[in-house]
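Trainee: Structure incoming, see below.
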Amino acid sequence: MEKGKYRWKYSKVGGVTRVDVTTGADIAHLKELDQKLWTVLSCPVDGLEFDGDTLKMLDTDHDGRIRVQEVIAAAEDLTGALKDPDILIKPEAELPLDAINTENAHGATLAATAARILEAAGSDKQTISLEDTAKRLAELAAAAAAGKEAEENVLPYGADTETVLGLANKLGAKIEDYFLRCRLAAFDTESTGALDVSTERISAISAKELPTCLDEIATYPLFRVRGGQGLPVTEAVNPAWAADFAQLKALALDKDFPGAESISEADWKAVQGRLATYLAWKASVNEEADKFLADQQAEAGSVQDLHRFLHLHRDFYHFLKNFVTLADFYSRQEDRFADFQAGKLYIDQRCCELCIKVTDLGRHGDIAGLSGMYLLYLDCHSKVLGQKMTIAAVVTEGNIRMMRVGKNAVFYDRNGLDWDATIVKIIENPISVPQAFWTPYRKLGRWISDKINARVAAKEEESMSNLTAKAENATADPAAAAQQKPAFDIAKYAGIFAALGMAVGLLVSAFTGLFNGLAKLPWWGVLVVIAGIMLLISGPSMLSAWLKLRRRDLAPVLNANGWAINSRILVNSAFGRTLTSIAKYPKVAVKDPYRKKTPFWKVLCWVIVILALCAAIAIPRIKACRAAKAAAEAEAAEVVEVTVSEEAAADVTAEPADGGAPAGEVQ
């Protein structure tokens with residue numbers, strides 16, 4: 031370690047070496063920790079069993095993810111504004127005022143804000159809490175709402191008042207011009223034509239590009255002049271003013287005079303009066319009111335800042351343990367869970383505690399399979415909340431014979447609320463080495479069962495087809511159906527019977543040979559042979575399971591959910607057994623009154639029948655083997671006798687060693 035570097039402490043957690051963050055000094059030096067040593071580099075804000083407000087406050091850039099630099103920034107802010115950072119390790123519900131470091135700029139602001147809040151509440155306590163800041167924020171929000179309501183009382187058209195004011199100023203002269211023309215036309219009906227737009231003026235511009243003549247068109251009256259009538263708000267408007275008038279009508283006239291086809295000059299004066307009242311109020315707003323509003327907004331900002339600080343003071347260490355080392359996940363305490371653990375799943379007489387909310391089932395299944403874990407994906411529905419969600423449950427103990435898509439279960443979230451759950455997808459991986467021992471036999475049984483079911487289904491379909499066809503033929507022409515009925519062909523079935531007999535013979539021969547071989551061995555040798563055969567069958571499956579269980583890693587499951595995991599999160603067999611609990615029953619001495627008891631004589635009969643069948647099959651084969659063995663021994667004895675005779679004859683005819691006559695000859 032380099033001189034002057036902070037001395038970190040390490041421990042083995044989950045089979046991986048991790049950094050220990052256990053003191054305030056560790057938090058204060060968090061920025062010095064090599065990022066390669068962090069377990070998590072980023073995590074999503076949503077989908078965690080953690081205070082949502084705190085998570086959003088940690089997400090300072092509001093991108094929906096909390097990253098290492100945001101965690102470091104929060105750590106620096108907290109440890110700088112507190113006199114003793116160890117207070118973060120065991121945070122209390124309230125923060126003592128004397129724990130705030132007023133020599134720090136941010137700390138001084140926090141202390142001053144806390145003092146103002148307590149003073150405004152008339153409290154003389156020396157601590158500040160989230161309840162205090164939440165109450166003050168509510169008061170400020172209420173004051174702001176009251177001010178806004180007071181403002182709305184003098185805003186005749188609400189948020190659109192300024193827009194209506196601009197339109198009224200723009201169209202006011204044109205509207206007043208129209209009313210004056212109407213009054214003149216009423217005074218002298220013969221002047222109506224002169225007051226209205228003339229055909230000659232329109233003819234003068236008709237040969238031109240009309241968009242270039244908008245200035246000329248704008249000088250025409252707003253509406254066609256009709257003496258003594260009001261402003262016809264539903265009739266055609268001068269095209270040069272149509273857009274502005276339509277907006278004025280929608281924002282003001284339709285609200286003041288709903289359903290009216292025209293408005294009078296007095297009505298228009300009323301609209302102008304409401305706008306004049308607003309202008310008078312606006313002019314009365316002075317600098318002191320603006321300053322009060324600015325001060326109120328500044329106080330709300332400082333209280334919100336203190337509120338955030340208290341959230342982090344309460345929750346930061348808990349979050350940090352699950353971000354840097356996943357300490358709560360590997361904890362042996364029953365009441366401590368990691369932030370990603372959503373609750374408990376009860377299924378098939380077991381409780382799975384490692385359940386994680388899934389945001390994207392398709393993407394999750396593709397990546398999570400790399401974890402080497404047995405995963406159940408379940409759709410969950412809460413009738414109480416009226417909500418749905420999908421979870422991934424990790425099964426680390428027990429058998430899986432009853433696991434299948436469509437199986438129902440019950441899920442309890444961290445608040446204890448129950449959800450109806452149904453399996454929608456399964457990713458199979460080994461659960462334990464003993465479980466893997468039976469995998470080949472289970473697969474063989476499944477294969478045989480599938481083949482039998484397929485064969486039975488095919489035969490059933492074939493039989494039904496034949497019966498249907500025969501029934502149709504018989505209905506159509508009974509005589510022809512009788513003539514077409516094929517006769518029983520014994521030759522056709524002779525081959526089948528011969529094949530079946532050959533197959534049975536081969537099986538009997540194989541088992542007889544095995545029986546004869548085992549019969550020659552001592553009892554312990556028989557056990558060794560049986561164990562060897564079973565090991566030969568189950569050994570590869572058990573070895574594969576052992577290798578996969580050693581590499582079982584939660585990291586891909588979390589990565590599939592939007593996390594950026596920087597280290598392995600191993601779940602070995604010992605730790606896995608703590609994540610799934612199996613139902614355990616005591617020994618029951620009382621007999622089941624509803625259990626059907628087989629009479630002894632029936633059991634004895636079955637034993638006798640089975641032994642007789644075995645004897646009928648084995649004894650002839652054994653006798654045949656013994657006869658063959660005796661014949662072989664007799665043949666071997668004859669060969670030995672002949673050999674001895676030939677050797678004796680050779681001895682008689684051989685010459686003596688001293689050169690005399692051959693033995694047996696008379697000299």
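Per the working numbering, residue 31 is the first one in the sequence shown, and the count goes up by one each step.
Glycine is no exception: its CB is placed at the ideal position from the N, C-alpha and C atoms.
These figures come from a predicted structure and were not determined experimentally.
Residues bridged to Leu408 by DSSP?
Mentor: In the sequence shown, residue 408 corresponds to position 378, counting from 1. Answer is Ile421 and Ile453.
Trainee: Between the segment 344 to 360 and the segment 227 to 238, can you find at least three pairs of beta-carbon atoms closer than 8 Å?
Mentor: Verdict: no, contact absent.
Trainee: Does the distance from the CB of Lys387 to the CB of Asn134 come in under 9 Å?
Mentor: Residue 387 sits at position 357 when you count from the first residue of the sequence shown. Residue 134 sits at position 104 when you count from the first residue of the sequence shown. Cβ atoms of Lys387 and Asn134: not closer than 9 Å.
Trainee: Just the Cα atoms here: how many angstroms apart are Leu78 and Val333?
Mentor: Within the sequence shown, residue 78 is the residue found at index 48, counting from 1. Within the sequence shown, residue 333 is the residue found at index 303, counting from 1. About 27 Å.
Trainee: Which one of Val184, Asp114 and Leu261 has the shortest CA to CA distance from Tyr208?
Mentor: On the sequence shown, position 178 is the one that residue 208 refers to. The candidate whose alpha carbon is nearest that of Tyr208 is Leu261.
Trainee: Specify the secondary structure class of Thr628 as computed by DSSP and reduced to three states.
Mentor: Your numbering for residue 628 matches position 598 in the sequence shown. Here Thr628 sits in coil by DSSP.
Trainee: Straight-line CA distance for Asn429 to Asn589?
Mentor: Locating residue 429 in the sequence shown gives position 399, counting from the first residue. Locating residue 589 in the sequence shown gives position 559, counting from the first residue. Approximately 27 Å, taken between the alpha carbons.
Trainee: Checking 9 Å against the spacing of the C-beta atoms, do Thr109 and Ile57 come in under that value?
Mentor: As a first step, residue 109 is located in the sequence shown; it is residue number 79 there, counting from the start. As a first step, residue 57 is located in the sequence shown; it is residue number 27 there, counting from the start. Yes, the Cβ-Cβ distance between Thr109 and Ile57 is below 9 Å.
Trainee: Assuming the contact rule is C-beta atoms closer than 8 Å, Ala466 and Met572 should be a hit. Round their C-beta distance to whole Å, please.
Mentor: Taking the first residue of the sequence shown as 1, we reach residue 466 at position 436. Taking the first residue of the sequence shown as 1, we reach residue 572 at position 542. With a Cβ gap of about 5 Å, Ala466 and Met572 count as contacting.
Trainee: For Ala422, which residues of its own chain have a beta-carbon under 6 Å away from its beta-carbon, when the five flanking residues on both sides are left out?
Mentor: Within the sequence shown, numbered from 1, the residue matching residue 422 stands at position 392. Closer than 6 Å at the Cβ level, and outside the excluded window around Ala422, lie Ile386, Val388, Leu405 and Tyr407.
Trainee: To the nearest angstrom, how far is the alpha carbon of Ala376 from that of Trp449?
Mentor: Locating residue 376 in the sequence shown gives position 346, counting from the first residue. Locating residue 449 in the sequence shown gives position 419, counting from the first residue. The amino acid occupying residue 376 in the given sequence is Tyr; Ala does not appear at that position. Approximately 11 Å, taken between the alpha carbons.
Trainee: Could you tell me the alpha carbon to alpha carbon distance between Ser221 and Val227, rounded to whole angstroms?
Mentor: As a position in the sequence shown, residue 221 is number 191, starting the count at 1. As a position in the sequence shown, residue 227 is number 197, starting the count at 1. Rounded to whole angstroms, Ser221 to Val227 spans 12 Å at the Cα level.
Trainee: Quick check on the burial criterion: 16 or more other C-beta atoms within 10 angstroms. Buried or exposed for Ser495?
Mentor: Translated into the one-based positions of the sequence shown, residue 495 becomes position 465. Exposed is the call here.
Trainee: What span of residues does the beta strand (DSSP E) with Phe467 cover, start to end?
Mentor: Residue numbering aside, residue 467 sits at position 437 when the sequence shown is read from its first letter. Counting along the chain, Phe467 falls outside any beta strand (DSSP E), though it belongs to the alpha helix (DSSP H) covering Val463 to Phe467.
Trainee: Could you tell me which residues DSSP pairs with Thr47 in its beta bridges?
Mentor: For the purposes of this step, residue 47 is taken as the residue at position 17 of the sequence shown. DSSP output for Thr47 lists Lys42 as bridge partner(s).
Trainee: Does DSSP put Asn602 in a helix, in a strand, or in coil?
Mentor: On the sequence shown, position 572 is the one that residue 602 refers to. Looking at Asn602 - three-state DSSP - the assignment turns out to be coil, as it is neither helix nor strand.
Trainee: Determine the contact status of Gly54 and Leu118, defining contact as a CB-CB distance below 9 Å.
Mentor: As a working mapping, residue 54 is identified with position 24 in the sequence shown. As a working mapping, residue 118 is identified with position 88 in the sequence shown. Yes; because the gap between Cβ atoms is below 9 Å, this pair is in contact.
Trainee: Could you compute how far the alpha carbon of Trp477 sits from the alpha carbon of Ala484?
Mentor: Position 447 of the sequence shown, counting from 1, holds the residue named residue 477. Position 454 of the sequence shown, counting from 1, holds the residue named residue 484. Rounded to whole angstroms, Trp477 to Ala484 spans 10 Å at the Cα level.
Trainee: Quick one: Cα of Glu192 to Cα of Lys165, how far?
Mentor: Locating residue 192 in the sequence shown gives position 162, where the first residue counts as 1. Locating residue 165 in the sequence shown gives position 135, where the first residue counts as 1. Going by the C-alpha atoms only, they are around 34 Å apart.
Trainee: Only counting the same chain, and skipping five residues up and downstream in sequence, which positions put a Cβ closer than 6 Å to that of Asn268?
Mentor: The residue given as residue 268 occupies position 238 in the sequence shown. Result list for Asn268: Tyr250 and Leu252, in chain order.
Trainee: What's the C-alpha gap between Arg366 and Met432?
Mentor: For this step, residue 366 is matched to residue 336 along the sequence shown. For this step, residue 432 is matched to residue 402 along the sequence shown. Distance between the alpha carbons of Arg366 and Met432: 30 Å.
Trainee: Measuring from the CB of Leu573, is there a heavy atom of the ligand GTP at a distance below 8 Å?
Mentor: The ligand GTP is absent from the structure shown, which contains no ligand whatsoever.
Trainee: What are the residues that DSSP puts in a beta bridge with Asn438?
Mentor: Position 408 of the sequence shown, counted from the start, is the residue given in the question as residue 438. According to DSSP, which records beta bridges pairwise, Asn438 is partnered with Thr452.
Trainee: Grouping DSSP H, G and I as helix and E and B as strand, with all else coil, what is Val559?
Mentor: Within the sequence shown, numbered from 1, the residue matching residue 559 stands at position 529. Three-state DSSP puts Val559 in a helix.
Trainee: Going by C-alpha distance, which of Leu391, Leu340, Asp396 and Pro464 is nearest Glu427?
Mentor: By one-based count along the sequence shown, residue 427 stands at place 397. Comparing Cα positions, the closest option is Pro464.
Trainee: Whole angstroms is fine: what's the gap from Thr379's alpha carbon to Trp576's?
Mentor: Residue 379 sits at position 349 when you count from the first residue of the sequence shown. Residue 576 sits at position 546 when you count from the first residue of the sequence shown. A small fix is needed here, since residue 379 is Gln in this sequence, not Thr. Cα to Cα, Gln379 sits roughly 25 Å from Trp576.
Trainee: Nearest-angstrom Cα distance between Thr628 and Ser412?
Mentor: Reading the sequence shown from its first residue, position 598 is the one you call residue 628. Reading the sequence shown from its first residue, position 382 is the one you call residue 412. When rounded, the distance between both Cα atoms is 47 Å.
Trainee: Does the Cβ of Cys73 have 16 or more other Cβ atoms within 10 Å, making it buried, or fewer, making it exposed?
Mentor: The residue given as residue 73 occupies position 43 in the sequence shown. The residue in question, Cys73, is buried, as its Cβ has 16 or more Cβ neighbours within 10 Å.
Trainee: So who's on the other strand from Thr610, going by DSSP bridges?
Mentor: Locating residue 610 in the sequence shown gives position 580, counting from the first residue. DSSP, once it has assigned bridges, lists Cys382 as partnering Thr610.
Trainee: Along the alpha helix (DSSP H) that carries Ser314, what are the first and last residues, could you check?
Mentor: In the sequence shown, residue 314 corresponds to position 284, counting from 1. Residues Glu295 to Ser314.
Trainee: How many whole angstroms separate the CB atoms of His394 and Met87, which I take to be in contact at a CB cut-off of 8 Å?
Mentor: As a first step, residue 394 must be located in the sequence shown, where it is residue number 364. As a first step, residue 87 must be located in the sequence shown, where it is residue number 57. No, His394 and Met87 are not in contact; Cβ-Cβ is about 28 Å, not under 8 Å.
Trainee: Output yes or no for whether 9 Å exceeds the beta carbon distance between Lys425 and Ile461.
Mentor: The residue labelled residue 425 in the question sits at position 395 within the sequence shown. The residue labelled residue 461 in the question sits at position 431 within the sequence shown. For the sequence presented, residue 425 should be read as Val rather than Lys. Going by C-beta atoms, Val425 is nearer than 9 Å to Ile461.
Trainee: I'd like to confirm the pairing. Which residues does DSSP put opposite Lys387 in its beta bridges?
Mentor: Residue 387 sits at position 357 when you count from the first residue of the sequence shown. Answer by DSSP bridge pairing, in chain order: Ile421.
Trainee: Just to confirm, is the Cβ distance from Arg598 to Asp583 under 9 Å?
Mentor: One-based indexing of the sequence shown puts residue 598 at position 568. One-based indexing of the sequence shown puts residue 583 at position 553. Closer than 9 Å, so yes.
Trainee: Report the rounded CA-to-CA distance for Ala266 versus Ala330, giving the unit in angstroms.
Mentor: What you label residue 266 is simply residue 236 of the sequence shown in a count that begins at 1. What you label residue 330 is simply residue 300 of the sequence shown in a count that begins at 1. Computed Cα separation, rounded: 51 Å.
Trainee: Starting from Ile119 and walking both ways along the beta strand (DSSP E), at which residues does that stretch end?
Mentor: Locating residue 119 in the sequence shown gives position 89, where the first residue counts as 1. Unbroken run through Ile119: none, as it is neither H nor E.
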